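Chains as they are written, first to last, in numbering that gives the first Met the number 0: chain A, 0 to 76; chain B, 0 to 76; chain C, 0 to 146; chain D, 0 to 146. Note that beta-carbon positions come from the ideal geometry of N, C-alpha and C, so glycine has one too. Given the structure is predicted, the values throughout are model-derived calculations rather than measurements. Each remark here refers to the structure printed beneath this line.
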Amino acid sequence: MRITIKYFGLIAEVTQCEEETIQFSGHLISEVLEILHSKYTELKNKNFQVAQNQELVFLETRVTGQELALLPPFAGG
Amino acid sequence: MRITIKYFGLIAEVTQCEEETIQFSGHLISEVLEILHSKYTELKNKNFQVAQNQELVFLETRVTGQELALLPPFAGG
Amino acid sequence: MTDKKPKSVFKQGAISSEFIGESIAKHQTKTSIGAHNIFLGQVRADVIDGKAVAAIEYTAYEDMANQKFSEIREATFDKFELTCMHIYHSLGIVKAGEICLFVFVSSPRRKVVFEALEYIVEEIKAHVPVFGKEIFEDDSHQWKVNN
Amino acid sequence: MTDKKPKSVFKQGAISSEFIGESIAKHQTKTSIGAHNIFLGQVRADVIDGKAVAAIEYTAYEDMANQKFSEIREATFDKFELTCMHIYHSLGIVKAGEICLFVFVSSPRRKVVFEALEYIVEEIKAHVPVFGKEIFEDDSHQWKVNN
Numbered sequence: 000m001r002i003t004i005k006y007f008g009l010i011a012e013v014t015q016c017e018e019e020t021i022q023f024s025g026h027l028i029s030e031v032l033e034i035l036h037s038k039y040t041e042l043k044n045k046n047f048q049v050a051q052n053q054e055l056v057f058l059e060t061r062v063t064g065q066e067l068a069l070l071p072p073f074a075g076g
Numbered sequence: 000m001r002i003t004i005k006y007f008g009l010i011a012e013v014t015q016c017e018e019e020t021i022q023f024s025g026h027l028i029s030e031v032l033e034i035l036h037s038k039y040t041e042l043k044n045k046n047f048q049v050a051q052n053q054e055l056v057f058l059e060t061r062v063t064g065q066e067l068a069l070l071p072p073f074a075g076g
Numbered sequence: 000m001t002d003k004k005p006k007s008v009f010k011q012g013a014i015s016s017e018f019i020g021e022s023i024a025k026h027q028t029k030t031s032i033g034a035h036n037i038f039l040g041q042v043r044a045d046v047i048d049g050k051a052v053a054a055i056e057y058t059a060y061e062d063m064a065n066q067k068f069s070e071i072r073e074a075t076f077d078k079f080e081l082t083c084m085h086i087y088h089s090l091g092i093v094k095a096g097e098i099c100l101f102v103f104v105s106s107p108r109r110k111v112v113f114e115a116l117e118y119i120v121e122e123i124k125a126h127v128p129v130f131g132k133e134i135f136e137d138d139s140h141q142w143k144v145n146n
Numbered sequence: 000m001t002d003k004k005p006k007s008v009f010k011q012g013a014i015s016s017e018f019i020g021e022s023i024a025k026h027q028t029k030t031s032i033g034a035h036n037i038f039l040g041q042v043r044a045d046v047i048d049g050k051a052v053a054a055i056e057y058t059a060y061e062d063m064a065n066q067k068f069s070e071i072r073e074a075t076f077d078k079f080e081l082t083c084m085h086i087y088h089s090l091g092i093v094k095a096g097e098i099c100l101f102v103f104v105s106s107p108r109r110k111v112v113f114e115a116l117e118y119i120v121e122e123i124k125a126h127v128p129v130f131g132k133e134i135f136e137d138d139s140h141q142w143k144v145n146n
């Protein structure tokens, strides 16, 4: 399946883009992250959470094909 | 000695004045109140505190001759 | 950058929203501040025995009240790490819907402003000799009591 | 008189003191309100390694953020008896000394506004995906992290 991934803040600095679509044949969030870690090696040193369909998810959560987002620490307010 | 007594809010409604000076020959706040209770009989039914020199005092506090005030319940804010 | 000089706390009549906005604007040069917290007391049109409160007329034992406001100020600066603190209270007539109390605290960090503001408001309600005559639409009245 | 319709939370640039004053003025027709509590977040000119923060540039995962603001709104109205609640957060550049967060709660009585306001601010800090780029005077930057 094709999934859209959004990047924010310092993560977007690492990826040099704010959004991209990748081809994905696995099942879990952790597998998406493996792909991203090999594409952007600097990601390993960064602290972020993953949201799917605008809710935070875990490494073992199944990918549903909807929008993912890599969110660095929040700084609102 | 002569002491000045100030009245506020609903107490001033009872006394019909905001300030008066009385002649006093006793020692304690309680004695001042006896004089006022006999002058203004309705005072007995009212809830108030007494301040002397801008500090709350007790019935047994000695009168120093400075300004007294009869303060009904506070309603600031 | 504390700001401890005594201030005139009482203002004649209601406290306007413009005045509050201007107070906020004045703090924008103080760039060590990260958090402001503002309490506003507003006169409610409570209905008692079928009659609505139209206004409250505030009076105070002003000398004692200013002394108490000053003590609250000192105690608050001692207890909490604040950059600024301002208190304004109305005297005279304040209509229902208008503002009668404005307390404004500022600090580098947020945690302290929440604690300090509630402390100040509770101290004012408990210890400052201010009296409120609730005037109804038909000009009858009753005396307000803080709870 | 609750006021639960979704609002636009994000505003481009700083939140002005005039806007805050006008928001207060709009509540003076709501005469069941007795207490307002307002939190303002202001950008600090923190000095880090000898360089002062000149501004923060805010970005957000806007869809998720608006969803989270809406959930915080619902949860707050469920937990606390509020008459009104308003939240505004800046996006884009906010200079040191300017206001980036404005949270405004109102209730008939004071106790509830203190609890509700702190709850809302802590929920926003913890759960809303907003990101802050602290821009120094020399145009270098670092990323802000809430504590």
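| Asked | Found |
| --- | --- |
| Neighbour list for residue 57(B) in chain C, Cβ cutoff strictly below 7 Å | What residue 57(B) touches in chain C: nothing, since even the nearest Cβ is about 16 Å away. |
| Whole-number beta carbon distance between residue 129(C) and residue 75(B), since they are thought to touch under 8 Å | 3 Å |
| Beta-carbon spacing of residue 98(C), residue 41(C) below 7 Å | yes |
| Among 5(A), 23(A), 22(A) and 26(A), the one whose alpha carbon lies nearest that of residue 16(A) | 5(A) |
| Per-residue DSSP class, three states only, for residue 8(A) | helix |
| Coil, strand or helix - residue 118(C) by DSSP | helix |
| Chain C within 7 Å of residue 125(D), Cβ atoms only | no |
| At least three beta-carbon pairs within less than 8 Å, the stretch 15-34 of chain B to the stretch 58-76 of chain B | yes |
| Run of the beta strand (DSSP E) containing residue 20(B), from where it starts to where it stops | 18-22 |
| Local conformation of residue 14(B) per DSSP, three classes | helix |
| Member of 89(D), 10(D), 20(D) and 36(D) whose CA lies at the smallest distance from the CA of residue 104(D) | 36(D) |
| Cβ neighbour criterion (16 or more within 10 Å) applied to residue 36(B) | exposed |
| Contact list for residue 131(D) against chain A, beta-carbon separation under 7 Å | 74 |
| Start-to-end residues for the beta strand (DSSP E) that takes in residue 27(B) | Segment: none, residue 27(B) is in no beta strand (DSSP E) and carries neither H nor E. |
| Contact list for residue 53(B) against chain C, beta-carbon separation under 7 Å | 62, 63 and 66 |
| N-terminal and C-terminal residue of the beta strand (DSSP E) that residue 131(D) is part of | 129-135 |
| C-beta atoms of residue 58(C) and residue 95(D) nearer than 7 Å | no |
| Given residue 48(D) as reference, the closest of 18(D), 140(D) and 64(D) once Cα atoms are compared | 140(D) |
| Straight-line gap, residue 62(A) to residue 71(C) (C-alpha atoms, nearest Å) | 57 Å |
| Min CB distance residue 112(C) to chain B below 7 Å | no |
| Below-7 Å beta-carbon distance, residue 23(A) vs any chain D residue | no |
| 8 Å contact criterion, which residue 14(C) and residue 60(C) should meet: CB distance rounded | Actually they do not touch by this definition, with Cβ atoms about 20 Å apart. |
| Other residues of its chain near residue 52(B): CB distance less than 8 Å, five sequence neighbours each side excluded | 63, 65 and 66 |
| C-alpha distance - residue 109(D) paired with residue 145(C), whole-angstrom precision | 11 Å |
| Span separating the alpha-carbon of residue 137(C) from that of residue 133(D) | 58 Å |
| Test: residue 8(B) CB closer than 7 Å to a CB of chain C | yes |
| Within chain D, partners of residue 30(C) - CB distance below 7 Å | 43, 44, 95 and 96 |
| Nonlocal neighbours in the same chain, by C-beta distance under 6 Å from residue 78(D), ignoring five residues either side | none |
| Cα-Cα separation between residue 3(D) and residue 74(D), rounded to whole angstroms | Model confidence at residue 3(D) stands at a pLDDT of 45, short of 50, so the residue's coordinates are unreliable and nothing is read from them. |
| Simplified DSSP state of residue 40(D), which is helix, strand or coil | strand |
| Any C-beta of chain D under 7 Å from that of residue 70(A) | yes |
| Positions along the stretch 64-91 of chain C whose CB lies within less than 7 Å of some CB in chain B | 66 and 88 |
| Alpha carbon of residue 33(C) to alpha carbon of residue 55(D), nearest angstrom | 12 Å |
| Helix, strand or coil at residue 97(D) according to DSSP, with G and I counted as helix | coil |
| Residue 92(D) versus residue 23(A): straight-line alpha-carbon distance, rounded | 36 Å |
| Whole-angstrom distance between residue 13(A) and residue 41(A), CA atom to CA atom | 7 Å |
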